[in-house]
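*Asks:* After the structure tokens below, expect a handful of questions from me.
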């Protein structure tokens, strides 16, 4: 038994991508036998993948970085040329894989009842599994070109899933916009990869990180990578595809789309902290007597984008009357919080005058932990709200808040899940969102108090946004047109319940998560030399 | 196991503050208990389904239930009206046209080129 587990553990980085990929291609065949069997098959595939993620994550958190080389034992040929594709899994990759697996499980279980009235479900489950495979590939790979390939797989599957309800013109329109934006972003990322490859004769992230010199071409590659990935991550003002896509896709798809968006955010972190990590303390400009370092410059850029993202995301959410579009804009705002934390962390990176090593100030460390914790909290909180929106659509066939009302009387479980999501996303104690936002507020206050004030005010507005939903959709008298509305089926309640339980658990025991998961991830992000050392 | 229990009970310190959800829950539980006790002192003559529970709208007749519910578009009307100048700009930005989305991407890339590439 332990031999089998060891073999599974050894091959787990490859299997985490291979299992859903194989599952995707088998799904239409199984669908020919029986629809229920196909649904069970999709759930089993996701559960097997999540078990493999669990094996890999526990190994990475206890034994450090894992590398998995395809087609050989070492990524290097003749001890110098890094030609082989490899997956390199450190704390950050492992953390993102946890998020992806939670979203995948909840999304596929939720789909069972949520999608049952739709046709073409063989294609739906195939695309969902392809999207999950692509998402895991983006997260686990240590190869730049491979990252691009998985980005494309995810984009194509996502586009088809966003436009899945082809009878709704707006869904097709959102799918079209998504593929245009994704393709353009991906092309610029490919261009950046080409620039790096032409200079360093390598596609491996660790090898490039080790050789990078931060010349003019590297600066161009950095700009292309950051802007391409930022657009995929939905950062303002490149966010406009996101409300369309999140708002029009089926809710189960939106949940997994959150994971793909965060995989792009992971890409931004990997590029800044690992690939360009060596040069972060490099002085790039002298202003008066002060040397402006690359970390300060990137930090200021990220903080500026973060403020725009939070403000525009939250203010636009307040105006919306469509439930899903409102959550989508709120999700944009939430991305801003993560970016704000990472920006604050990057600005606090400096060189130790005694040892010459790169150090992170205490408030930077807190900001980094807050940002990382907020990634998983955002995925759970916003994900739960999207599932609630899906449940309401399923029960009433309406997503316009103007047409809804009094649903708390008929949909008690959904109402409870909504309240949990509302409190969590607005950062109200004792939910998980409060802990990560507290870390973000207190650390950004030390960078500049105004940042913290804007973040808190926008969080209050976010509460106002979801109080509006609560009032419009759930409170008020039972409307005659909804007198026959019933609670949603059990599989949908289970999907929402899984996420709600994790939200409460994270909120009640934040130290358990911070000590055992967030701390190692923060160390892994900052320690670029360990990432390089994992390969070379 | 001891480490896990330690993590569960530990107070989170943020450098300039702290947070312990278990203490918070304990405090809230006491507050709720006090509220319940205070509620017990209330008037017990309340009868459901009588004139006591009917909405008083300055002597006017009650509207139908569907008409009584304040619609989402009316919530925060004052806020949206005050910031109409700002929302007008936001609406101009969110055209829904994919070529505008690409334009924003190009503009941001250009700005980043100037900041990172030139500096």
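Chains as they are written, first to last, in our numbering: chain A, 26 to 561; chain B, 210 to 328.
C-beta: ideal position from N, C-alpha, C; glycine also.
As the structure is a computational prediction, the values presented were derived from the model and not from experiment.
Between the region 332 to 352 of chain A and the region 413 to 433 of chain A, can you find at least three pairs of beta-carbon atoms closer than 8 Å?
*Replies:* Yes, they touch.
*Asks:* For residue 317 (chain A), report the span of its alpha helix (DSSP H) as first-last.
*Replies:* Premise fails: residue 317 (chain A) lies in the beta strand (DSSP E), 315 to 318, not in any alpha helix (DSSP H).
*Asks:* Taking the CB atoms as reference points, tell me whether residue 304 (chain A) and residue 237 (chain A) lie closer together than 8 Å.
*Replies:* Going by C-beta atoms, residue 304 (chain A) is nearer than 8 Å to residue 237 (chain A).
*Asks:* Taking contact to mean 3 or more Cβ pairs, one atom from each stretch, closer than 8 Å, check whether the region 72 to 92 of chain A and the region 105 to 119 of chain A are in contact.
*Replies:* yes
*Asks:* Is residue 166 (chain A) helix, strand or coil by DSSP?
*Replies:* In this structure, residue 166 (chain A) counts as strand in the three-state DSSP scheme.
*Asks:* What would DSSP say about residue 207 (chain A), mapped onto helix, strand or coil?
*Replies:* helix
*Asks:* Rank A:393, A:151, A:58, A:353 by C-alpha distance to the C-alpha of residue 294 (chain A) and give the top, closest one.
*Replies:* A:393
*Asks:* When you check each C-beta in the region 502 to 515 of chain A against every C-beta of chain B, which residues fall closer than 7 Å?
*Replies:* 502, 504, 505
*Asks:* May I ask you to list, following chain order, the residues of the region 235 to 256 of chain B that have a beta carbon less than 9 Å from some beta carbon of chain A?
*Replies:* 237
*Asks:* Please compile the residues from chain A whose C-beta is within a distance smaller than 7 Å of the C-beta of residue 223 (chain B).
*Replies:* Within 7 Å Cβ-Cβ: 391, 463, 464, 467.
*Asks:* Suppose contacts are defined by Cβ-Cβ distances below 8 Å. Is residue 432 (chain A) in contact with residue 491 (chain A) by that definition?
*Replies:* no
*Asks:* Quick one, are the C-beta atoms of residue 283 (chain A) and residue 407 (chain A) less than 8 Å apart?
*Replies:* For the pair residue 283 (chain A) and residue 407 (chain A), the CB atoms are nearer than the 8 Å cut-off.
*Asks:* I want to verify the contact list: residues of chain B whose CB lies under 7 Å from the CB of residue 24 (chain A), in sequence order.
*Replies:* Residue 24 (chain A) cannot be examined here, being either before or after the span of chain A that is shown, 26 to 561.
*Asks:* Among A:151, A:198, A:81, whose alpha-carbon lies nearest the alpha-carbon of residue 178 (chain A)?
*Replies:* A:151
*Asks:* The beta strand (DSSP E) that contains residue 376 (chain A), what's its start and end?
*Replies:* 374 to 376
*Asks:* Which same chain residues end up closer than 8 Å to residue 417 (chain A) when comparing Cβ atoms and leaving out the 5 residues on each side of it in sequence?
*Replies:* 348, 423, 424, 429, 432, 436, 439, 498
*Asks:* Among A:341, A:385, A:319, A:369, which has the Cα closest to the Cα of residue 331 (chain A)?
*Replies:* Here the closest residue by C-alpha is A:369.
*Asks:* Using a Cβ cut-off of 8 Å (strictly closer), state whether residue 489 (chain A) contacts chain B.
*Replies:* Yes - at least one Cβ of chain B is within 8 Å of the one on residue 489 (chain A).
*Asks:* Taking residue 297 (chain A) as the reference, which of A:278, A:288, A:320, A:267 has the closest Cα?
*Replies:* The residue among A:278, A:288, A:320, A:267 with its C-alpha nearest the C-alpha of residue 297 (chain A) is A:320.
*Asks:* Per DSSP, which one or two residues make a beta bridge with residue 542 (chain A)?
*Replies:* BP columns for residue 542 (chain A) are empty, so no partner.
*Asks:* Please tell me whether residue 45 (chain A) and residue 154 (chain A) are closer than 8 Å, where the distance is taken between their beta carbons.
*Replies:* yes
*Asks:* Exposed or buried, residue 250 (chain B), counting other C-beta atoms within 10 Å across all chains shown (16 or more means buried)?
*Replies:* exposed
*Asks:* Going along the chain, which residues of the region 125 to 140 of chain A sit with their C-beta nearer than 9 Å to a C-beta in chain B?
*Replies:* none
*Asks:* Look up residue 310 (chain A) in the DSSP assignment and give the residues it is bridged to.
*Replies:* A:317
*Asks:* Any Cβ of chain A within less than 8 Å of the Cβ of residue 297 (chain B)?
*Replies:* No, its Cβ sits nowhere closer than 8 Å to a Cβ of chain A.
*Asks:* If contact is defined by three or more beta carbon pairs under 8 Å, each pair taking one atom from either stretch, is the region 504 to 523 of chain A in contact with the region 261 to 275 of chain A?
*Replies:* no
*Asks:* Report the start-end ranges of each beta strand (DSSP E) in the region 440 to 481 of chain A that is 3 residues or longer and not cut off at the edges.
*Replies:* none
*Asks:* Quick one, which of A:199, A:245, A:228 has its alpha-carbon nearest residue 327 (chain B)'s?
*Replies:* A:245
*Asks:* Please name the residue, chosen from A:241, A:385, A:405, A:386, that lies closest to residue 360 (chain A) on a Cα-to-Cα basis.
*Replies:* A:405
*Asks:* Name, in chain order, the residues that DSSP records as bridge partners for residue 269 (chain B).
*Replies:* B:266
*Asks:* Run the CB neighbour count on residue 299 (chain A), radius 10 Å, all protein chains shown included, and call it buried at 16 or more, exposed below.
*Replies:* buried
*Asks:* For residue 288 (chain B), name the three-state secondary structure that DSSP assigns.
*Replies:* helix
*Asks:* What are the uninterrupted segments assigned as alpha helix (DSSP H) that are 4 or more residues long and contained completely in the region 276 to 359 of chain A, given in chain order?
*Replies:* The DSSP assignment places 276 to 294, 319 to 344 as complete runs of the alpha helix (DSSP H) inside the region 276 to 359 of chain A, in order along the chain (cut-off: 4 residues).
*Asks:* Any beta carbon of chain A sitting closer than 8 Å to that of residue 275 (chain B)?
*Replies:* yes
*Asks:* What residue range is occupied by the uninterrupted alpha helix (DSSP H) comprising residue 407 (chain A)?
*Replies:* 387 to 421
*Asks:* Given a cut-off of 8 Å on the beta-carbon distance, is the pair residue 460 (chain A) and residue 535 (chain A) in contact?
*Replies:* yes
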